[in-house]
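All the letters of the sequence shown, read from the start, carry residue numbers -21 to -1, 1 to 517 under mature numbering (1 follows the signal peptide of the UniProt record, and there is no 0).
Built from N, CA and C at the ideal position, the CB exists for glycine as well.
Before any comments, here is the structure.
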Amino acid sequence: MQNIPIRIAVLIHLLCMPSKGGTKKGVKCGGILSAPNGNVSSPNFPGMYPFDTECSWLIVVSEGSSVLLTFQHFDLEYHDSCEYDYIKIYNGVSEDEGNLLGKFCGKNTPPPFTSSWHVMAIIFHSDRHVASKGFAVTYRKDVCGGVLTGLSGIISSPDYPDNYPNNAECYWTVRVSDHTVVSLVFLDFQLENNEECNFDYVATFDGSAMTDKHLGNYCGGNKPPDIISSTNQLLVVFKSDFNIGGRGFKAYYFSGECQQVFTALTGNFTSPQYPNVYPNNMNCHWTISLATGYRIKLFFSDMALEDRNSLTDACDYDSVAVYDGSSDSDPLLGRWCGGELSPPLLSRANKLLIVLSTDRDSANKGFSVTYTGVVPMNVSCSRTDFQIQIAQQVLPKLDRHSVYLGNPSCAALTVASTYKIMARFDSCDTASQKRKNTTVIVNTLYIDFSEGHQENRQQYEVLCDPKRKEASVNIISGGDPKRLSQQAENLVETQPVETDTSDSDSLKKHDTSDIVFISICVLAGILMLIAIIGLVLL
């Protein structure tokens, strides 16, 4: 959904606020707060809050600002999943679970929260049993700085892209999930320049305090390098002096869950929090990068995003895009939204980029994807046999016995740094099948990457049209060739096998079918001629 104007957001909140019947009679709570700062507390605070109560507050400050929320007191009935009494904090209106920043109960005080725009919602709920003192929280309009807890977001100088004010001082603490790190990428940067960067500058620290490791000071017109923390927190400080300003800066931050690079031959990943609702305001990047020569086959097994824009019929709101390379400037293979399930995708080279973009509202459960690397190989055939070649350098950890056709007894030979298989159609479990009224010769090529007790064996369906002497190879994922054969496409451009004369002793089987055929024809002609001469002489 498009970013809704604030008046519409307020109207939605008013319409969706709990009715009088949903709150205990005589209890007044909730409302719309538009002052630049203020307080919110549970009914009767610091006394016991009433049973069976639901309150909803919408905090709205001036556009271009954010809301900083800080808890002063917190004491609610405890439950493992906060199902009884709880408070919910939303990064925007409360009617969209994708905006949910957190749900809390018990006695542990929640952390401070900073919204990513000028609206924040608070929901308080109590059930019919067990009450406590409740909560008290303060909020204020935050022109710059704050604690940012989303998976990804934007940090910018005050008034960006207009010139920032003099004597500004802003502190942003980016805090992401435990066991992940924070990445910071500057999209635009123009500050007053001086050699030591001590007039106007951006400073970064590897932690939540200026006593943590100093990662750098930056000023001038050159974008700083990408910054990656070593922990789950990163402190960003912006300061300006009393004169000379600039356009300022805009930076994008993301957590490890939202930005990953995969180098394993096979793998899978999902949108954040899948199969639960993904967060709003995300721009996540997953890069698959395999060894040179490999291609990548990508399968989406589930897709549930916000639907298309009904006016433009385009994926204008939440979408997944796949690029044939490592950058969004590479060719776009497709963009999907709603419940559209992408067909299997095949890269042209060894890299793919998957980008998930979400807006401020209407989230869904997201997607699940699996990928596998396609081993580069040359495949050809004659009227009587298959020929397969794979460079050893693309399978550095394997030996020849890990590459075989049909069964392990038909393992590859090692010839001049290449795994080679030459197998006649009457061997190695080769079979003939009817495909589209054409008889083809079919077998399965196995490449076994298994290590220890972890089984990882790729299967490729190898086909040959012996009349045309044309071969193709299709990767089989899973172990159900019949199910996937209809999806399969030729993954490898077939090329004639280059036979080195020095390898003739190693490869005993050669394609002599054409020579044999011509020889038989010549012999038949000679015999016929002898027969005719014999008849004439008689």
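Measuring alpha carbon to alpha carbon, tell me which residue in Pro140, Met261, His158, Gly304 is nearest Phe228.
Along the sequence shown, read from residue 1 onward, the residue named residue 228 stands at position 249. In terms of Cα proximity to Phe228, the closest of Pro140, Met261, His158, Gly304 is Pro140.
Would Gly272 pass as a contact of Tyr350 if the rule is Cβ separation under 8 Å?
Along the sequence shown, read from residue 1 onward, the residue named residue 272 stands at position 293. Along the sequence shown, read from residue 1 onward, the residue named residue 350 stands at position 371. Not a contact, by the Cβ cut-off of 8 Å.
Return yes when the Cβ of Val354 is within less than 8 Å of the Cβ of Ile426, no when it is not.
Taking the first residue of the sequence shown as 1, we reach residue 426 at position 447. Taking the first residue of the sequence shown as 1, we reach residue 354 at position 375. The answer is yes: Cβ separation under 8 Å.
Given a cut-off of 8 Å on the beta-carbon distance, is the pair Gly345 and Thr249 in contact?
Sequence index remark: in the sequence shown, residue 345 carries index 366 (1-based). Sequence index remark: in the sequence shown, residue 249 carries index 270 (1-based). Their beta carbons are under 8 Å apart, which means Gly345 touches Thr249 by this criterion.
Just how far apart, CA to CA, sit Gln252 and Pro258?
The residue labelled residue 252 in the question sits at position 273 within the sequence shown. The residue labelled residue 258 in the question sits at position 279 within the sequence shown. Their Cα atoms are separated by approximately 8 Å.
In angstroms, rounded to a whole number, what distance separates the CA positions of Arg462 and Thr409?
Here residue 462 is taken as the residue at index 483 of the sequence shown, counted from 1. Here residue 409 is taken as the residue at index 430 of the sequence shown, counted from 1. Residue placement at Arg462 is poorly supported in this model, since its pLDDT is 35, which falls under 50; the coordinates are not used for a value here.
Buried or exposed, going by whether 16 or more other CB atoms sit within 10 Å of the CB of Glu174?
Numbered from its first residue, the sequence shown carries residue 174 at position 195. With fewer than 16 other Cβ atoms within 10 Å, it is exposed.
Under the DSSP definition of a beta bridge, which residues are partnered with Ser105?
Your numbering for residue 105 matches position 126 in the sequence shown. Thr32.
Per-residue burial, Lys67 [other beta carbons within 10 Å of its own, 16 or more giving buried]
Working through the sequence shown from its first residue, we reach residue 67 at position 88. Result: buried.
Give the range of the beta strand (DSSP E) segment to which Phe279 is assigned.
In the sequence shown, residue 279 corresponds to position 300, counting from 1. Run containing Phe279: 274 to 283, per the beta strand (DSSP E) assignment.
Going by beta carbon distance, what residues of the same chain come within less than 7 Å of Thr491, once the five residues before and after it are set aside?
As a first step, residue 491 must be located in the sequence shown, where it is residue number 512. Low per-residue confidence applies at Thr491: pLDDT is 46, beneath 50, and the placement is therefore not dependable enough to give any value.
Assuming Leu80 and Thr128 form a contact by the criterion Cβ under 8 Å, report the distance between their Cβ atoms to the nearest whole angstrom.
Working through the sequence shown from its first residue, we reach residue 80 at position 101. Working through the sequence shown from its first residue, we reach residue 128 at position 149. Contact check for Leu80 and Thr128: beta-carbon distance about 6 Å, within the 8 Å limit, so the pair qualifies.
Leu290: buried (16+ other C-beta within 10 angstroms of its C-beta) or exposed?
The count along the sequence shown starts at 1 and reaches residue 290 at position 311. Per the 10 Å Cβ criterion, exposed.
If you pair each beta-carbon of the segment 21 to 40 with each one of the segment 75 to 90, do three or more pairs fall below 8 Å?
no
In three-state DSSP terms, what is Ser136?
If you number the sequence shown from 1, residue 136 lands on position 157. DSSP places Ser136 in the coil class of the three-state scheme, outside both helix and strand.
Which value, in whole angstroms, describes the spacing of the CA atoms of Asn288 and Ser298?
Locating residue 288 in the sequence shown gives position 309, where the first residue counts as 1. Locating residue 298 in the sequence shown gives position 319, where the first residue counts as 1. If you take the alpha carbons of Asn288 and Ser298, they lie about 11 Å apart.
Within 10 angstroms of its Cβ, does Ala293 collect 16 or more other Cβ (buried), or is it exposed?
The count along the sequence shown starts at 1 and reaches residue 293 at position 314. Its Cβ having fewer than 16 others within 10 Å, Ala293 is exposed.
Quick one: Cα of Asn357 to Cα of Ile367, how far?
On the sequence shown, residue 357 is found 378 positions in, with the first residue counted as 1. On the sequence shown, residue 367 is found 388 positions in, with the first residue counted as 1. One C-alpha to the other measures close to 6 Å.
Just curious, the beta strand (DSSP E) that Lys218 is in, first and last residue?
In the sequence shown, residue 218 corresponds to position 239, counting from 1. Start and end: 212 to 218.
DSSP three-state call for Ser60: helix, strand or coil?
Translated into positions along the sequence shown, residue 60 becomes position 81. The answer is coil: DSSP assigns Ser60 none of H, G, I, E or B.
Give the straight-line distance between the Cα atoms of Tyr118 and Asn18, rounded to the nearest whole angstrom.
Counting from 1 along the sequence shown, the entry for residue 118 is found at position 139. Counting from 1 along the sequence shown, the entry for residue 18 is found at position 39. The alpha-carbon atoms of Tyr118 and Asn18 are separated by roughly 6 Å.
Buried or exposed for Asp479, going by 16 or more other Cβ atoms inside 10 Å?
Translated into the one-based positions of the sequence shown, residue 479 becomes position 500. At Asp479 the pLDDT is 40, less than 50, meaning the model places this residue with poor confidence; the figure from the coordinates comes in the next sentence. Label assigned to Asp479: exposed.
Inter-residue Cα distance where the pair is Ile134 and Val301
Here residue 134 corresponds to residue number 155 of the sequence shown, with the count starting at 1. Here residue 301 corresponds to residue number 322 of the sequence shown, with the count starting at 1. Straight-line Cα distance between these residues: approximately 26 Å.
Contact between the segment 237 to 245 and the segment 205 to 212 is defined here as three or more beta-carbon pairs at a separation below 8 Å; is this criterion met?
Contact check between the segment 237 to 245 and the segment 205 to 212: fewer than three CB pairs, one atom from each, fall below 8 Å, which does not count as touching.
Which two residues bound the contiguous beta strand (DSSP E) that contains Glu440?
Walking along the sequence shown from the start, residue 440 turns up at place 461. Note, Glu440: beta strand (DSSP E), 436 to 444.
So who's on the other strand from Thr88, going by DSSP bridges?
Here the question's residue 88 lines up with position 109 in the sequence shown. Answer is none; Thr88 lacks a bridge partner.
Check whether the segment 212 to 222 touches the segment 172 to 190, taking contact to mean three or more Cβ pairs, one atom from each stretch, closer than 8 Å.
yes
Should the segment 310 to 323 be called in touch with the segment 372 to 379, which here means at least 3 C-beta pairs below 8 Å?
A contact is defined here as three or more CB-CB pairs under 8 Å, and the segment 310 to 323 fails this definition with respect to the segment 372 to 379.
Classify Leu508: buried if its beta carbon has 16 or more other beta carbons within 10 angstroms, exposed otherwise.
As a working note, residue 508 is residue 529 in the sequence shown. Classification for Leu508: exposed.
When the Cα of Leu335 is compared with those of Ser388, Trp315, Phe103, which residue comes out closest?
As a working note, residue 335 is residue 356 in the sequence shown. Measuring from the Cα of Leu335, the nearest candidate turns out to be Trp315.
Can you give me the C-alpha to C-alpha distance between Val199 and Asp167, rounded to a whole angstrom?
The residue given as residue 199 occupies position 220 in the sequence shown. The residue given as residue 167 occupies position 188 in the sequence shown. Here residue 199 turns out to be Gly, not Val, going by the sequence shown. Rounded to the nearest angstrom, the two C-alpha atoms are 11 Å apart.
Identity of the residues DSSP links to His432 by a beta bridge:
Counting from one through the sequence shown, the residue named residue 432 turns up at place 453. Partner(s): none; His432 has no beta bridge.
Should Leu506 be labelled buried (16 or more other beta-carbon atoms within 10 Å of its own) or exposed?
One-based indexing of the sequence shown puts residue 506 at position 527. By the 10 Å Cβ count, Leu506 comes out exposed.
Compare the beta carbon distance of Ser136 and Phe217 with 8 Å and say whether it is the shorter of the two.
Translated into positions along the sequence shown, residue 136 becomes position 157. Translated into positions along the sequence shown, residue 217 becomes position 238. Closer than 8 Å, so yes.
Helix, strand or coil, according to DSSP, for Met189 in the structure here?
Here residue 189 refers to the residue found at position 210 of the sequence shown. In this structure, Met189 counts as coil in the three-state DSSP scheme.
Three-state secondary structure (DSSP) of Met99
By 1-based counting over the sequence shown, the position of residue 99 is 120. Strand at Met99.
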